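First the structure, in the form of structure tokens, and then the observations on it.
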Amino acid sequence: MDDARIEAIVQAVLAELGKETSAPRPSAAPAPAPTSPPAGDLVIDLPDPTRPEARRALGVAQPFNAEGLRNLCATTTARLGVGRAGPRPKTRSLLLFQADHGVTQDAIYSEVAEEVKARFQLFTVQTQVQDRGQYLLRPDLGRKLSDEARRTINERCAKGPQVQIVIGDGLSAAAVANNLAQIYPVIEQGLKAAGIRTGTPFFVRFARVGVINDINEIVGADLVLLLIGERPGLGVADALSAYMGYRPGPGKTDAHRDVICMITNNGGINPLEAGAYVVELIKKTLEFQASGVELKLKTAGK
Ligand code: B12
Numbered sequence: 001m002d003d004a005r006i007e008a009i010v011q012a013v014l015a016e017l018g019k020e021t022s023a024p025r026p027s028a029a030p031a032p033a034p035t036s037p038p039a040g041d042l043v044i045d046l047p048d049p050t051r052p053e054a055r056r057a058l059g060v061a062q063p064f065n066a067e068g069l070r071n072l073c074a075t076t077t078a079r080l081g082v083g084r085a086g087p088r089p090k091t092r093s094l095l096l097f098q099a100d101h102g103v104t105q106d107a108i109y110s111e112v113a114e115e116v117k118a119r120f121q122l123f124t125v126q127t128q129v130q131d132r133g134q135y136l137l138r139p140d141l142g143r144k145l146s147d148e149a150r151r152t153i154n155e156r157c158a159k160g161p162q163v164q165i166v167i168g169d170g171l172s173a174a175a176v177a178n179n180l181a182q183i184y185p186v187i188e189q190g191l192k193a194a195g196i197r198t199g200t201p202f203f204v205r206f207a208r209v210g211v212i213n214d215i216n217e218i219v220g221a222d223l224v225l226l227l228i229g230e231r232p233g234l235g236v237a238d239a240l241s242a243y244m245g246y247r248p249g250p251g252k253t254d255a256h257r258d259v260i261c262m263i264t265n266n267g268g269i270n271p272l273e274a275g276a277y278v279v280e281l282i283k284k285t286l287e288f289q290a291s292g293v294e295l296k297l298k299t300a301g302k
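In my numbering, the protein residues as written are 1 to 302.
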């Protein structure tokens, strides 16, 4: 960028700042008494920025190539072409960002409702995490079952199934609430149709992926499938992941696991279709008696 251009930008920014700093400061003169709008006269002049058409609207005032910019923006959900107000984001962009951030917070801090679990007769156990704050700060505790959870799983679960299905809240309760009802029956029926024996399903509160190692020490399954809420993004906050491992146990890491991610009706893999993928991957894992990198190596070229 040449000096003249930089100088022009500096002048524009200074002019913008000048407008703000030249306004009378409260200390210079007593502030006028606030005037309330007459009752019923409140005007909100910004359209709701979270509506799909507002979300996708171009924010650049005079685009050089409006058609090109629109096409570019249509290729991604990233916040492109949002424009700016001087050096700052537009109010619309800021509000949308704050609204999307609010949705992520709700997804992370909400609990999966009992009705969601009851539909598939899932009982609940908890990891060594005590509350949501600790869950975020101590992923290690989310990978360990509490003593009570160990006892409950031992008492209530069938031992030695081919597949143990587990549901975990993870980082998004919305992911479980919005997708479980669709994906679960597909997996259940798909495994049944393939003659694969499943164990007693249950729900783990404050779960991390690594908890499947602890679980399998108790149930002794050939494969543990964990359906868990993914870290929400600023656009999609209800995506579910299906993590699985062949004979998980002490010392097994993510290198021994597979994942099918981004399961959501909001711009991801639809849960019905994802259920079918999960069943196919389970069959492959059982056939090759391996998961993760080992499975990739065993099936390379096949
Ligand atoms: C956070 C994250 C990471 C973090 C995990 C750190 C942490 N402690 O959370 C880091 C940056 C280390 C990471 C690394 C990798 N990741 Co990653 N990751 C994610 C992300 C953004 C969110 C995962 C999440 O919410 N998990 C749920 C929570 C509750 O789980 P958790 O127990 O807190 O965290 C565990 C899992 O996240 C797991 N994990 C993370 N990535 C991967 C990838 C694979 C293949 C496996 C088996 C496990 C795994 O590791 C964590 C510790 O056990 C997803 C995107 C998505 N849409 O899900 C990608 C995603 C899962 N990662 C992916 C990949 C490819 C990887 C890497 C292989 C990248 C690389 N080439 O190195 C590595 C593998 C790391 C590993 N653990 O072995 C892909 C998987 C694609 C696929 N279907 O196979 C995803 C879907 C991103 C994408 N769209 O490409 N990842």
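For each residue, glycine too, the CB sits at the ideal point set by N, CA and C. Computed from a predicted structure; not experimentally measured.
For the beta strand (DSSP E) containing residue i, list its first residue and its last residue.
i, result
"VAL166", "163-168"
"VAL224", "223-229"
"SER241", "240-246"
"ASP258", "257-263"
"VAL204", "202-205"
According to the neighbour-count rule (16 or more other Cβ atoms, all chains shown, within 10 Å of its Cβ), is residue i buried or exposed?
i, result
"PHE64", "exposed"
"THR35", "Residue confidence is low: THR35 scores 47 on pLDDT, short of 50, so the model does not pin down where it sits. Its coordinate-derived value is still stated next. Label assigned to THR35: exposed."
"LEU295", "buried"
"HIS101", "exposed"
"ALA175", "buried"
"ASP238", "buried"
"THR91", "exposed"
"LEU226", "buried"
"PRO161", "buried"
"ARG208", "buried"
"GLY292", "buried"
"ILE183", "buried"
"GLN164", "buried"
"ARG56", "exposed"
"THR50", "exposed"
"ILE6", "exposed"
"GLY305", "The question about residue 305 has no answer, for the chain in this structure spans 1 to 302."
"ASN216", "buried"
"ARG205", "buried"
State yes or no: is the C-beta of residue i nearer than 7 Å to some heavy atom of ligand 3?
i, result
"ALA158", "With respect to ligand 3, the structure shown offers nothing to examine, as its ligands consist of ligand 1."
Give the range of the alpha helix (DSSP H) segment to which residue i is assigned.
i, result
"ARG151", "147-156"
"VAL176", "173-193"
"PHE288", "271-288"
"PRO139", "Here PRO139 belongs to no alpha helix (DSSP H), and DSSP marks it neither H nor E."
"PRO52", "52-56"
"GLY68", "66-74"
"ASP214", "211-219"
"LYS296", "292-299"
Considering only C-alpha positions, which residue in the set the options is nearest to residue i?
i, options, result
"SER110", "ARG132, TYR277, LYS284 and VAL125", "ARG132"
"LEU286", "ALA242, ALA221 and ARG231", "ALA221"
"LEU179", "ALA194, ASN265, ARG247 and ILE212", "The amino acid at residue 179 is misidentified as Leu; the sequence shows Asn. Of ALA194, ASN265, ARG247 and ILE212, the residue nearest in Cα terms is ASN265."
"LEU191", "LEU95, ALA177 and TYR277", "TYR277"
"LEU46", "ARG197, ILE218 and LEU95", "LEU95"
"GLY195", "ILE167, GLU280 and VAL219", "GLU280"
"PRO139", "GLU217, ASP3 and GLY210", "GLY210"
"ALA85", "ILE187, ARG5 and SER93", "SER93"
"ARG197", "LYS159, THR124, GLN130 and SER146", "LYS159"
"ALA107", "ALA118, GLN121 and ASP169", "ASP169"
"GLU155", "ALA78, PHE202, VAL112 and TYR135", "PHE202"
"GLU115", "ALA173, ARG247 and GLN105", "ALA173"
"LYS298", "ASN270, ARG51, GLU188 and HIS256", "HIS256"
"ILE212", "PHE206, GLY249 and ALA242", "GLY249"
"TYR243", "VAL224, LEU136 and GLY301", "VAL224"
"SER146", "GLN128, PHE97, LEU137 and LEU136", "GLN128"
"ARG247", "ILE260, ILE282, ASP3 and GLU53", "ILE282"
**Prompt:** Which ranges would you report for the beta strand (DSSP E) in the stretch 87-126 if only whole runs of at least 3 residues count?
**Reply:** 123-126
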